[in-house]
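Enquirer: Chains A and B are the protein sequences, given in the same order. Just so you know, the first sequence maps onto residues 1 to 113 in this note's numbering. Just so you know, the second sequence maps onto residues 114 to 534 in this note's numbering. For each residue, glycine too, the CB sits at the ideal point set by N, CA and C. Since the model is a prediction, treat every value here as computed from it, not as a measurement. Before anything else, here's the structure in question.
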Amino acid sequence: MAGSKLNGRVNGSTILEVVISMIVIVVVFGIAMMIVTNVTRLSLSGKKLRAEALLQSAADSAVISKTITLEDFRIEQEVKPCQQNSALLDVHLTAYDQNQQKVAELEKIISQP
Amino acid sequence: MLKASALYIVIIIALVIAVICSSLIVSAYFYRAQYQKKFRYDRLENNLSSGVNILLAGSDTSYAAEKTFSLFNGDADSVSLHRISWGIYDVGAVRAFIQKDTLYRTISFANPVDSAKWAAVYLVDEDRPFSLSGMTTIRGNAYIPKAGVQQAYVDNKAYQGDKRLVIGHKYVSQKQLPALDNTRLRQLEQFRDQKVTNDSTLLKADSVTWSFLKPTRFVNFKKKAEVLQNIKLGGNIVVMSDTTLTIESTAVLKDILVFAPTIVVKEGFHGSAQLFAADSIRIENNCTFGYPSCAGIVRSGTQVVKSQARITIGANTTFGGILFTYEKTDNAVKPLISVGKSAAVSGQVYSQGILELKDSTRVSGSVFTSRFLYRNTFTLYENYLINTTIDSKALSPYYLTSSLLPVAQKKKKILQWLEAN
């Protein structure tokens, strides 16, 4: 009530407690942010999985060496005769993202269509 | 009284954040572990599929001894290939491994048919016509004697089939049947004549399925006339005998090989196997041989044999696969394949001698023979087909033949996936 006297005491934190609490909370948040960033950075991206799936589907139809673009990926397709049997093809596919970073790679021996 | 406890509250908040962070780390760890597992699995699958392709493209003798090598000269691309000549087909065992992880597949493979050589009927030209009577159908190309094909009146029945007689192209046949493949015949003979140790423990179990990744197990009855009954045998097993071998309907055979001079399959048998005999094979009524099966007479000796080589298929029996006879030396009595009443063959019949097709038989596939035979109570008709259907179009488009037969293409395709992990 305005103008009335305080009857009891309110236990407030000391300035030292508050400062320590603030430091602790900042440190804890800092560590947490570091963990989240690291986990997000190091975990696999959907991009990589998508690139691998694209390479799998492209591998069986590869006939000649060429570069193709599929869903934001540049795929370099290298086709050469297989060492073990010249009737087969050794297909080496590499997928690069828009920053020209290698995302996925696949090598497979297929029969000539 | 209110208590200001900033430190306590901060500790609780820190704890909550720690729990969230640790669960994030754990889930990321498991996600990554699972992904790495899948990545290794995909890589092994790729290597395995590459290995299968190499095996399919290889020659018959390649990889006869197991060979391990690196596919792309890398550090995680080792495969091990092994090819086994399994009767008239081939079996391949492929293993791909990266450190302790191994994937394996065993497959059987065979040849697609060469459509240029494929025919519903190939009847050797013995300077006499080919006659059809009753409800007979021939669908597909036919190689027939120069004298041609004609309608005939037999058993008081006229020809009732299609007016074209042969629903397909007609070509003139040669004086000889297209020959069987010598390499495959030699492989069969070598397999039959090899010295094997009898695995006496095998028949003590009531069910044995043996992997093609392991060495073949042989059961050799030698000169004891035995009966295979109440047993299930499958996979990499060969049963041999130097005398008559009887297979009861209680025996279940799958993919195994049987070698004996005489083989008798009792009524009601179900299974799929490759049977090779030197004298005769008798398959009784109501049996079912699933594809890919084979029944073949192989007489590779040069001495003249007086007894007739004979394959008899009982009434109402269905046979999926290949029936063939082979004699190296021309004997006075020609080998005979006799297909019983209402029996059905899905696949190929290659009779170096005579082929007897009884009433209401059906061949979905192809028939190569030197002579057709039909007999009723009183009369024996040569080069007559009566109430028979030979339909090459009724055969599955995925049907694969053996390199033994003259209509096979050179390339190989997968016939069966036998084992996998």
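#1: Please tell me whether Y463(B) has its Cβ less than 8 Å away from any Cβ of chain A.
#2: Going by DSSP, what residues sit across from M353(B) in a beta bridge?
#3: With 16 as the cutoff for other CB atoms within 10 Å, does K379(B) come out buried or exposed?
#4: Tell me which same chain residues have a C-beta within less than 8 Å of the C-beta of K357(B), skipping the five on either side of it?
#5: Rounding to the nearest angstrom, what Cα-Cα distance links A160(B) and N444(B) in this structure?
#6: Select from the stretch 167-181 of chain B all residues with a C-beta closer than 8 Å to any C-beta belonging to chain A, and list them in chain order.
#7: Could you work out which residues of chain B lie near K47(A), taking near to mean beta carbons separated by less than 8 Å?
#8: Taking Cβ to Cβ, would you say L184(B) is nearer than 8 Å to I68(A)?
#9: Going by beta carbon distance, what residues of the same chain come within less than 8 Å of V18(A), once the five residues before and after it are set aside?
#10: Would you list, in chain order, the members of the stretch 215-243 of chain B that have their beta-carbon closer than 8 Å to a beta-carbon of chain A?
#11: Closer than 8 Å by beta-carbon distance: list the chain B residues that pair up with I68(A), in chain order.
#12: Using a Cβ distance threshold of 8 Å, determine whether the stretch 457-471 of chain B contacts the stretch 174-194 of chain B, with at least three qualifying pairs required.
#13: Quick check: the stretch 277-285 of chain B against the stretch 308-316 of chain B, are there 3 or more CB pairs under 8 Å?
#14: Go ahead and label L16(A) buried or exposed: buried means 16 or more other beta carbons lie within 10 angstroms of its beta carbon, across all protein chains shown.
#15: By alpha-carbon positions, which one of N254(B), Q212(B), S393(B) and L341(B) ends up nearest to V411(B)?
#16: Identify each residue in the stretch 119-135 of chain B for which the Cβ-Cβ distance to at least one residue of chain A is less than 7 Å, and report them in chain order.
#17: Can you give me the start and stop residues for the alpha helix (DSSP H) that A59(A) sits inside?
#18: So is N269(B) buried or exposed if we call it buried at 16+ other beta carbons inside 10 Å?
#19: Going by beta-carbon coordinates alone, are I369(B) and V340(B) separated by less than 8 Å?
#20: Under 8 Å: do the stretch 162-175 of chain B and the stretch 199-207 of chain B share three or more Cβ pairs, one atom per stretch?
#21: Is the CB of Q84(A) under 8 Å away from at least one CB in chain B?
#22: At a Cβ cut of 7 Å, what residues of the stretch 55-81 of chain A count as close to chain B, listed as they run along the chain?
#23: Using a Cβ-Cβ distance cut-off of 8 Å, determine whether M1(A) contacts chain B.
#24: Keeping to the same chain, check which residues put their C-beta closer than 6 Å to that of S477(B); ignore five residues upstream and five downstream.
#25: Quick one: what's H92(A) bridged to in DSSP?
#26: Short check: CB of Y497(B) to CB of A271(B), under 8 Å?
#27: Enumerate, from N- to C-terminal direction, the unbroken alpha helix (DSSP H) stretches of 4 or more residues contained entirely within the stretch 277-349 of chain B.
#28: Just checking, does the stretch 143-157 of chain B make contact with the stretch 69-76 of chain A on the three C-beta pairs under 8 Å criterion?
#29: Under 8 Å Cβ-Cβ, which residues of chain B neighbour V26(A)?
#30: Ordered along the chain, which non-local residues of its own chain (more than five positions away) have a Cβ less than 8 Å from that of D227(B)?
Expert: According to the data block:
#1: Residue 463(B) sits at position 350 when you count from the first residue of the second sequence. No, no contact with chain A.
#2: Taking the first residue of the second sequence as position 1, residue 353(B) is located at position 240. According to DSSP, M353(B) bridges with N333(B) and F372(B).
#3: Residue 379(B) sits at position 266 when you count from the first residue of the second sequence. Flag for K379(B) reads buried.
#4: As a position in the second sequence, residue 357(B) is number 244, starting the count at 1. This sequence places Thr at residue 357(B); Lys is not what is there. The answer, listed in chain order, is A338, A373, P374, T375, I376 and V377.
#5: Numbered from its first residue, the second sequence carries residue 160(B) at position 47. Numbered from its first residue, the second sequence carries residue 444(B) at position 331. Checking the sequence, you will find Asn at residue 160(B) rather than Ala. Approximately 51 Å, taken between the alpha carbons.
#6: I167, L169, A170 and G171
#7: Counting from 1 along the first sequence, the entry for residue 47(A) is found at position 47. Correct list: empty, because the minimum Cβ distance to chain B is about 13 Å.
#8: Within the second sequence, numbered from 1, the residue matching residue 184(B) stands at position 71. Within the first sequence, numbered from 1, the residue matching residue 68(A) stands at position 68. Going by C-beta atoms, L184(B) is not nearer than 8 Å to I68(A).
#9: Along the first sequence, read from residue 1 onward, the residue named residue 18(A) stands at position 18. Taken in chain order, the list of residues that qualify is empty.
#10: none
#11: One-based indexing of the first sequence puts residue 68(A) at position 68. Those within 8 Å of I68(A) in chain B number zero; the least Cβ separation is about 19 Å.
#12: no
#13: no
#14: In the first sequence, counting from the first residue as 1, residue 16(A) sits at position 16. L16(A) comes out exposed.
#15: Counted from its first residue, the second sequence places residue 411(B) at position 298. For the residues N254(B), Q212(B), S393(B) and L341(B), the minimum Cα distance to V411(B) belongs to S393(B).
#16: A119, L120, V123, I126, A127, I130 and C134
#17: Against the first sequence, residue 59(A) aligns to sequence position 59. It spans G46 to A59 - the alpha helix (DSSP H) in which A59(A) sits, taken as one unbroken run.
#18: Here residue 269(B) is taken as the residue at index 156 of the second sequence, counted from 1. Label assigned to N269(B): exposed.
#19: Mapped onto the second sequence, residue 369(B) falls at position 256. Mapped onto the second sequence, residue 340(B) falls at position 227. Result no, Cβ atoms of I369(B) and V340(B) do not sit closer than 8 Å.
#20: yes
#21: On the first sequence, position 84 is the one that residue 84(A) refers to. Closer than 8 Å to some Cβ of chain B, the Cβ of Q84(A) qualifies, so yes.
#22: none
#23: The residue you call residue 1(A) lines up with position 1 of the first sequence. Only weak support exists for where M1(A) lies, its pLDDT of 44 falling under 50; the coordinates are left without a value.
#24: Stepping through the second sequence from its first residue, residue 477(B) is reached at position 364. These residues qualify, in order along the chain: S459, D504, A507 and L508.
#25: Here residue 92(A) refers to the residue found at position 92 when the first sequence is read from its first residue. H92(A) is bridged to E78(A) and E107(A).
#26: Within the second sequence, residue 497(B) is the residue found at index 384, counting from 1. Within the second sequence, residue 271(B) is the residue found at index 158, counting from 1. Cβ distance not < 8 Å, so Y497(B) and A271(B) don't count as in contact.
#27: 295-306
#28: no
#29: Numbered from 1 along the first sequence, position 26 holds the residue referred to as residue 26(A). In chain order: nothing, as chain B lies at least about 10 Å away.
#30: As a first step, residue 227(B) is located in the second sequence; it is residue number 114 there, counting from the start. V520, A521 and Q522, listed in sequence order.
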